[in-house]
Amino acid sequence: SLVEKFKKEHIPLQIFDKTEEDEILENMENQIKAISTADIIILTSTSIFNNSFNEIYKNSKAEASIFMLGPSGIMHPAIFIHFPKIKWIFGARFAKKDFRVLDCIKAGKGTRSFLPYMQKMCYANPSNVMTTETQMLKK
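In terms of the working numbering, the sequence shown opens at residue 31 and continues consecutively.
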């Protein structure tokens with residue numbers, strides 16, 4: 031997992047989740063303070079659809095770099111115009127008229143169930159392509 035990779039490299043993390051409880055998770059009461067001081071925010075793309083994205087974006091500092099992860103990421107250049115703090119989107123593309131993904135979602139299954147039906151993609155904010163974050167991602 032991404033968390034395990036970061037821990038292996040001794041990268042400090044603060045992880046928040048409104049619906050899960052785990053010893054690795056921070057108290058949700060501390061989320062806004064953490065976001066307001068973070069240089070880098072890795073955010074699930076689902077946050078756009080569960081109505082938590084705007085609050086997180088609004089409370090992040092102006093120079094924060096946001097990385098969106100997950101198959102529900104909006105892979106369109108307009109997102110960078112409206113939300114310039116987003117530096118990269120790591121999402122997915124699905125074949126037209128392939129309803130197997132919808133069948134998985136209807137059945138209440140998670141992302142792992144439809145991994146075979148998607149093509150992972152990443153999309154960089156064109157105005158930030160050669161930034162420090164890009165160099166970090168190449169390592």
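Glycine included, every Cβ here is placed at the ideal spot set by N, Cα and C. Quick caveat: nothing in here was measured; it's all calculated off a predicted structure.
inquiry  = If you reduce the DSSP assignment to three classes, tell me which class Ile96 lands in.
reply    = strand
ask   = Per DSSP, Ile119 is paired with what?
value = Met98, Tyr153
key: 9 Å Cβ cutoff met for Ile96 and Ser102   = no
query = Excluding five sequence neighbours on each side, which residues of the same chain lie with their C-beta closer than 6 Å to the C-beta of Ser77?
reply = Phe83
ask   = Quick one: what's got a C-beta closer than 8 Å to Tyr87's C-beta in the same chain, skipping five residues either side?
value = Ile96, Phe113, Lys115
message = Given a cut-off of 9 Å on the beta-carbon distance, is the pair Phe22 and Asn155 in contact?
response = The first residue shown for the chain is 31 and the last is 169, placing residue 22 beyond what the model contains.
ask   = By Cβ distance below 6 Å, which residues in the same chain neighbour Asn158 in space, the five residues on each side in sequence not counted?
value = Lys117
ask   = How would you label Ala108, buried or exposed, when you count the other beta carbons within 10 angstroms and need 16 or more for buried?
value = exposed
ask   = Got a sec? Which residues, its chain only, sit under 7 Å from Ser143 by beta carbon, not counting five neighbours each side?
value = Correct list, in chain order: Cys134.
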